[in-house]
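At position 221 of the sequence shown (counting the first as 1) the number is 221 in full-length UniProt numbering, and the numbers step up by one without a gap. The beta-carbon is built from N, C-alpha and C at its ideal position, and this holds for glycine as well. Nothing here was measured: the structure is a model prediction, and the numbers come from that model. A short write-up of the structure that comes next.
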Amino acid sequence: MTIRSSLTLTRKAILLTLVVLISIFIFYQNSLIKRQITFVPQYSLNHRLTLKSNPTFKKVFIAHYTTSYGVRTDSTSKIFSENLLKICEVLNPEDYPLADSVFMNIVDFARFPPSYRHLHPSQLWIFHSEESPRNSYRTAEVKNLTELDNWFNLTSTFSADSDFHIQYRGYRIKPEIGDLLQSKFKINLTQSIFPTSDTCTNSSSVYLNTITSILHSELVTRQNLLLKLCPYTCNQPIPFHALQLLQPYLNLSTSRSSNRDIVYIAWFVSNCNTHSRREEYVAKLRSQKGIRIDIFGNCKSIYHSSIPQVQCQKGTPNCTQQTLSYYRFYLSFENSKCDSYITEKYWMQGTNGQAIPIVLGAKKEQYQRTAVPFSYIHVDDFASVEDLAIELHRLNQNETEFSKFLQWTQLYDVSTQYSPTPVMDMHATLCFLGHYQHLHATDEKSEQINYAMATIRKIFNVTNVRLPNFDWGTARTKLIRISQFYNPSVNCWDSSYPSIFKQIYNHLFTWWKFF
């Protein structure tokens, strides 16, 4: 075989390999979309007789028109407590025209004929997305965001202006800290809510007697739960003057690093192509002297990252927590830079109490409103990557300054229980809201009806549900212009998606390890 023919065969082999890898890339991209194929339920009449079998007793019905990332919610889903099942019910997706409220996960959105909304003006439609505005519409059948205008009544997103503000976790002042402030310094941070003792005289209406009894029970239960979970408030920072008084009672963290010249940082990441361009920021940070970033996940191949001594397989219990105990810092970098987009990267990994999270994503003032106080380092505080590296070295060599970012672990607890609006409680809120609208529409307002409506508002106050798009005076909502409320051009300040060539390059390094 001649040298020329050998080179020809080599070129063909390389070309064939590239074709195979590009095909794998295209297949992978298509598979992401196919995993979220829009589910369009076929309307069924089977439920109509059930819903109208008892016209004197009002039940509120809720339906999920779409799946939620492939998971179907229907009448078999365990959503409501036994108590609430007496007045609320989740329907099958096929029965959405009969529902009082309908959830739409925008990732699975399918266009409706415009005439549907005019035929069902009283339905409450909830725009739900657990993605950033930048990523919410990638697989949705939406050509123009104006298609979503004047369709939805309520929103459930990461935006703090949503009716249901999605937040993975929340924080509370530790009870022992609240006790110390109260006993030692006479600073009272206790909740101002006390269990209600209001009662109402029953009437001849089975519906009103049932609804008032259940609402009273729910109010008392929620008040007691709030006092138990958040005796010294949740998601409210300790006042600065109180924090200063507590300093002598707090301990410094112990060092876990023997080499102070090297800054050890961990990063868990599997999405290698993002609008936030976090990949580029990390590449620059890794090039700084004395900065070592160990990368866990599929993207480590792109950075030619060495295999960390500590291995962490996805899904292994406590794996992240144990791994981060070996590091001083952790990269909590979001895939998008959008309003209030703060995900589990901060709330679950970043608040581990082991490594200080370095955050990139939402603006600093949005972290200040939501996150645990003094628990993170925001990249926006630094004019350049070089300046951030200098600060990390300073903290790495100064245990007193380093400890300030972990001091919160002695002051606050973090849990899903302290989140402002737990996801499952959205259904209960919609249940109560439906009954409020039904009671409001009653021509003659009896004492019992007024009591029930007032109790619903008290429940919302206890659970901190604001519903900015709901008018309590008219019991109505206005239709929302989603093209302005949740638009990447309006709510995000990141870059366009990496080019197809950059994506292929990244995927080549992601897939090479399988060959």
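How should residue i be labelled, buried or exposed, when 16 other C-beta atoms within 10 angstroms of its C-beta is the threshold for buried?
{"i": "K52", "result": "The predicted position of K52 is uncertain, since its pLDDT is 47 and thus under 50; a value taken from the coordinates is nonetheless stated next. With fewer than 16 other Cβ atoms within 10 Å, it is exposed."}
{"i": "Y116", "result": "exposed"}
{"i": "T199", "result": "exposed"}
{"i": "H118", "result": "exposed"}
{"i": "N396", "result": "buried"}
{"i": "D443", "result": "exposed"}
{"i": "W347", "result": "buried"}
{"i": "P248", "result": "exposed"}
{"i": "N273", "result": "buried"}
{"i": "W472", "result": "exposed"}
{"i": "L411", "result": "buried"}
{"i": "D95", "result": "buried"}
{"i": "S156", "result": "buried"}
{"i": "I37", "result": "Note that I37 scores 40 on pLDDT, short of 50, meaning its location in the model is unreliable; the coordinates nonetheless yield the value given after this. I37 is exposed by the Cβ-count criterion."}
{"i": "N224", "result": "exposed"}
{"i": "L148", "result": "buried"}
{"i": "K143", "result": "exposed"}
{"i": "S81", "result": "exposed"}
{"i": "N83", "result": "exposed"}
{"i": "S132", "result": "buried"}
{"i": "A428", "result": "buried"}
{"i": "V206", "result": "exposed"}
Can you grab the Cα-Cα spacing for the pair residue i / residue j, in whole Å?
{"i": "W408", "j": "S375", "result": "6 Å"}
{"i": "L180", "j": "P420", "result": "25 Å"}
{"i": "N259", "j": "R328", "result": "11 Å"}
{"i": "L252", "j": "T400", "result": "7 Å"}
{"i": "T201", "j": "T146", "result": "49 Å"}
{"i": "S495", "j": "D74", "result": "38 Å"}
{"i": "S213", "j": "G353", "result": "43 Å"}
{"i": "T477", "j": "F152", "result": "9 Å"}
{"i": "T320", "j": "L250", "result": "26 Å"}
{"i": "K337", "j": "C234", "result": "26 Å"}
{"i": "E89", "j": "A475", "result": "21 Å"}
{"i": "V414", "j": "D108", "result": "31 Å"}
{"i": "K364", "j": "L467", "result": "25 Å"}
{"i": "K78", "j": "Y168", "result": "20 Å"}
{"i": "I68", "j": "P93", "result": "For the record, residue 68 in the displayed sequence is Ser; it is not Ile. Straight-line Cα distance between these residues: approximately 12 Å."}
{"i": "A63", "j": "Q191", "result": "35 Å"}
{"i": "V71", "j": "P357", "result": "31 Å"}
{"i": "E130", "j": "S203", "result": "44 Å"}
{"i": "Q29", "j": "Q484", "result": "Confidence at Q29 is low in this model, with a pLDDT of 49, below 50, so the placement of that residue should be treated as unreliable; the coordinate-derived value is given next. If you take the alpha carbons of Q29 and Q484, they lie about 29 Å apart."}
{"i": "K445", "j": "R481", "result": "34 Å"}
{"i": "D261", "j": "D387", "result": "16 Å"}
{"i": "E279", "j": "V385", "result": "13 Å"}
{"i": "H120", "j": "Y65", "result": "14 Å"}
{"i": "A389", "j": "A283", "result": "13 Å"}
{"i": "S270", "j": "Y281", "result": "16 Å"}
{"i": "L285", "j": "T370", "result": "26 Å"}
{"i": "F268", "j": "N318", "result": "14 Å"}
{"i": "H165", "j": "M426", "result": "10 Å"}
{"i": "V359", "j": "N450", "result": "48 Å"}
{"i": "R292", "j": "T323", "result": "15 Å"}
{"i": "N188", "j": "K300", "result": "49 Å"}
Under 7 Å, do residue i and residue j count as touching if we go by C-beta distance?
{"i": "G290", "j": "V263", "result": "yes"}
{"i": "L406", "j": "N150", "result": "no"}
{"i": "D163", "j": "L154", "result": "yes"}
{"i": "D294", "j": "S159", "result": "no"}
{"i": "residue 543", "j": "R172", "result": "Here the chain has residues from 1 to 515 only, and residue 543 is not among them."}
{"i": "A355", "j": "Y341", "result": "no"}
{"i": "G350", "j": "S332", "result": "yes"}
{"i": "A140", "j": "I193", "result": "no"}
{"i": "L439", "j": "M453", "result": "yes"}
{"i": "Q448", "j": "L98", "result": "no"}
{"i": "V462", "j": "R222", "result": "yes"}
{"i": "Y330", "j": "A266", "result": "yes"}
{"i": "F185", "j": "L243", "result": "no"}
{"i": "S276", "j": "E344", "result": "no"}
{"i": "L226", "j": "Q417", "result": "no"}
- If you scan the segment 439-488 from start to end, which runs of the alpha helix (DSSP H) of 4 or more residues do you find wholly inside it? DSSP assignment within the segment 439-488 yields the following whole alpha helix (DSSP H) runs of 4 residues or more, N-terminal first: 447-462 and 482-485.
- For the segment 173-191 against the segment 237-244, are there 3 or more C-beta pairs whose distance is under 8 Å? In short, these stretches touch, since the Cβ pair count reaches three.
- Message: Tell me whether the segment 377-389 and the segment 210-219 touch, counting them as touching only if at least three CB pairs, one residue from each stretch, are closer than 8 Å.
- Response: The answer is no - the segment 210-219 does not touch the segment 377-389, with fewer than three Cβ pairs under 8 Å.
- Item | Residue ranges of each beta strand (DSSP E) within the segment 243-290, 3 or longer | Those beta strand (DSSP E) runs which fall completely within the segment 243-290 and span 3+ residues are 263-268.
- Segments assigned alpha helix (DSSP H), at least 4 residues, entirely inside the segment 69-153: Here the runs fully enclosed are 115-119 and 133-136.
- Let me know the alpha helix (DSSP H) ranges lying completely inside the segment 189-249, each 4 residues or longer, listed in chain order. For the segment 189-249, whole alpha helix (DSSP H) runs of length 4 or above, ordered along the chain, are 206-229 and 240-246.
- Query: Contact between the segment 426-444 and the segment 58-71: three or more CB pairs below 8 Å?
  - Reply: Touching, yes, given that three or more Cβ pairs across the two stretches are closer than 8 Å.
- Report yes or no: do three or more beta-carbon pairs, one from the segment 98-115 and one from the segment 123-138, lie closer than 8 Å? Yes, since at least three Cβ pairs between the segment 98-115 and the segment 123-138 fall closer than 8 Å, the two stretches touch.
- Could you name each continuous alpha helix (DSSP H) segment of 4 residues or more that falls completely within the segment 360-385, going from the start of the chain to the end? Whole alpha helix (DSSP H) segments, 4+ residues: 364-370.
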